[in-house]
Amino acid sequence: MRAVATALRSAVTYRRWACLVLGGALLMPYMMAGEVVAAVWYRSPAAGDPLLSVQPLIFLAVLPVVAVSGLFLPVRVFEIVAARALLGVSLEAPPPLSRRTWLERLRTAAWFTAHLAIGGVASGLALALVPFAIWAASLPLVDGPIRVGDVVGALVVETGAAAWWGPLLSVLTLVVLFGALVGAGALLAELAPALLGPSPEDRLAAAEAHARGLAARNRLARELHDSVGHALSVVTVQAAAAGRVLDRDPETARAALRAIEESARSALAELDHVIGVLREGASRREPEPTLRDLDRLLDSSGARIVRRIGDLSGVPPVVSREAYRIVQEALTNALRYGAGPVKVALDVSDGSLELDLRNATGSRRPGGRRRTGRGVAGMRERTDLLGGEFTAGPAEGGWRVAARLPLDPKGGTGS
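Here it is in structure tokens:
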């Protein structure tokens, strides 16, 4: 009785009843069409009501028609909204599909059929048993026997004091009806996630889309770290150099200021690109830098560069792009923490791009210690994505960054 009382007080119970009524209402056009067909079929009069006697057959006959409707009618979104609002279930929105798949059609048809069938039966029971309960409860108040032969045969029901069982039967009927409706609503609530929620294929597609989004964001973060970090390092180094020689060597100071201007402009352009990509529908306005822009990168750094660069014309675009970013980040670290000239060597050998950058260890930071941040990890990630090899660390009294990138990478970072 406590469970019954709790269910009576629960708002979910009444919302689920509304969902059952909705299913019964949606079933009515199919039942009416079936009754029309049955009326044409049963042309000759017969004892009793022929349409009433074939109601169960009509119900069974229209269920395949309901299922076919669910295959082709766009009812899934409507049913998802109804299930969320009335059944109280949490349904994930299915991923948008360019076209409906047969698996999605079959699952929608199964739910549509179950909703209308369970809702139709529940609504029919409510329409039949509530009046029956009222009739049974009123039997002690009626004088004289009641003949109900038109419905169940030659049956005479005693009334008055002899019908003391009427109110008990009425209460029992309502309790059974209530339990049936609660059970039907709970059954629909159990079926909804399985039939209306995302399928395993939907979840896989959503996970892949999420992974692609994370990969794109990680890539943007690496680009922003590399480009803006490099620009800020150049600005810091060149500003310090310009301040030291401003009085005695104005031409060198002007060159440092030009390097600052070019680096800042490049960083602003890259920042504008990243922000634009993050906006919906935006696309890159300029191509990403590659090894073709390497000379401009080295020249704008303002550092003393010792170059040994071979023929890089055969390097694929994806490798060229990642190699540029690795050189950029390695050069940034050299400017921040190194001293003396920076030795940069790139060449193609045995189907791979060999990259080597060295500089003497400086003491720009207190204690002369090199801080470990995201730079080395980012270079390693780029190398790993291309299936290459990467090393970074102390070497010959300085710091060395080396990478070997296959020209035909097994992985890929996109174009």
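Quick note on our numbering: the sequence shown kicks off at 174 and runs consecutively.
Glycine included, each C-beta is placed from N, C-alpha and C at the ideal position.
Source: prediction; values computed, not measured.
Between residue i and the rest of its own chain, which residues show a CB-CB distance below 6 Å, the 5 nearest in sequence each way excluded?
i	result
Ser343	Ala306, Ala309, Ala310
Val248	Phe285
Tyr187	none
Gly570	none
Leu519	Ile482, Leu528
Ile253	Leu264, Leu369
Ala299	none
Ala336	Leu312, Pro313
Phe351	none
Thr564	Ala575
Leu471	Ile478
Ala272	Per the sequence shown, the amino acid found at residue 272 is Arg instead of Ala. So the list is empty, once near-sequence residues are dropped.
Sorted by chain position, which residues of the same chain lie with C-beta nearer than 7 Å to residue i's C-beta, five sequence neighbours on each side aside?
i	result
Leu289	Gly196, Leu199, Leu200, Val239
Arg537	Model confidence at Arg537 stands at a pLDDT of 46, short of 50, so the residue's coordinates are unreliable; what they give is reported in the following sentence. Arg509, Tyr510, listed in sequence order.
Leu236	Thr286, Ala290
Ala255	Cys192, Leu195
Val408	Ile433, Ser436, Ala437
Ala415	Ala426, Ala429, Leu430
Leu387	none
Gly454	Unreliable placement is indicated for Gly454, whose pLDDT of 47 sits below 50; the coordinate value is still reported in the next sentence. So no residue of the chain qualifies.
Val553	Per the sequence shown, the amino acid found at residue 553 is Arg instead of Val. Phe563.
Ala234	Gly207
Just to check my reading of the structure: residue i and residue j have Cβ atoms closer than 8 Å, yes? What is that Cβ distance to the nearest angstrom?
i	j	result
Ala512	Thr534	7 Å
Leu260	Leu361	6 Å
Gly358	Arg189	3 Å
Ser439	Leu464	Actually they do not touch by this definition, with Cβ atoms about 16 Å apart.
Pro366	Val250	The Cβ separation is near 16 Å, so there is no contact.
Asp316	Gly333	6 Å
Ala211	Val227	5 Å
Ala412	Val418	Contact doesn't hold; Cβ gap of about 12 Å is too wide.
Ala576	Gly561	6 Å
Asn532	Ala568	No, Asn532 and Ala568 are not in contact; Cβ-Cβ is about 10 Å, not under 8 Å.
Out of the options, point me to the one whose CA is closest to residue i's CA.
i	options	result
Arg498	Thr281, Val315, Pro462	Pro462
Pro229	Gly293, Pro579, Thr556	Gly293
Arg481	Leu276, Lys516, Ala496, Thr409	Lys516
Val521	Val488, Thr274, Val348	Val488
Ala184	Tyr203, Arg477, Met204, Ala258	Ala258
Leu526	Thr505, Leu578, Ala568, Pro490	Leu578
His441	Ala428, Ala404, Arg427	As written in the sequence, residue 441 is Leu, which differs from the His given in the question. The option with the nearest alpha carbon to Leu441 is Ala404.
Ala550	Ser296, Pro490, Asn391	Asn391
Thr505	Ser473, Ser486, Thr564, Leu233	Ser473
Ser664	Leu467, Ala568, Arg469, Met204	With the chain running from 174 to 588 in the structure shown, residue 664 is simply not present.
Gln501	Gly352, Leu530, Ser372	Leu530
Trp523	Leu302, Leu341, Leu580	Here residue 523 turns out to be Asp, not Trp, going by the sequence shown. Taking only the C-alpha atoms, the option nearest Asp523 is Leu580.
Ser372	Gly548, Thr564, Trp275, Ala476	Trp275
Leu485	Asp468, Arg477, Gly475, Ala476	Asp468
Asp345	Val329, Ile319, Val303, Gly475	The residue asked about is misnamed: residue 345 is Leu in this sequence, not Asp. Taking only the C-alpha atoms, the option nearest Leu345 is Val303.
Pro490	Val330, Phe232, Pro460, Val349	Pro460
Going along the chain, which residues of its own chain have a beta-carbon closer than 8 Å to the beta-carbon of residue i, five neighbours each way excluded?
i	result
Arg431	none
Leu368	Arg280, Thr281, Ala283, Trp284, Ala287
Glu495	Arg555, Thr556, Leu558, Leu559, Leu578, Thr586
Gly566	Trp572, Arg573
Ala220	Residue placement at Ala220 is poorly supported in this model, since its pLDDT is 47, which falls under 50; the coordinates still yield a value, given next. Cβ within range, chain order: n/a, list empty.
Val479	Pro514, Val515, Lys516, Val517
Ala353	Ala295, Leu298
Leu364	Trp284, Ala287
Pro318	Val329, Val330, Glu331, Thr332
Leu347	Leu302, Val303, Ala306
Inspect the CB distances between the segment 232 to 246 and the segment 274 to 284 and report whether three or more fall short of 8 Å. They touch, by the three-pair rule.
Please specify which runs of the alpha helix (DSSP H), each continuous and at least 4 residues long, are wholly inside the segment 481 to 569, giving them in chain order. Those alpha helix (DSSP H) runs which fall completely within the segment 481 to 569 and span 4+ residues are 490 to 510, 547 to 558.
List in chain order: all unbroken alpha helix (DSSP H) runs of 4+ residues lying wholly within the segment 301 to 341. When DSSP assignments are scanned along the segment 301 to 341, the uninterrupted stretches of alpha helix (DSSP H) that are 4 or more residues long and fall wholly within it turn out to be 322 to 325.
Can you list, in chain order, the stretches of the beta strand (DSSP E) that have 3 or more residues and sit fully within the segment 415 to 447? Whole beta strand (DSSP E) segments, 3+ residues: zero.
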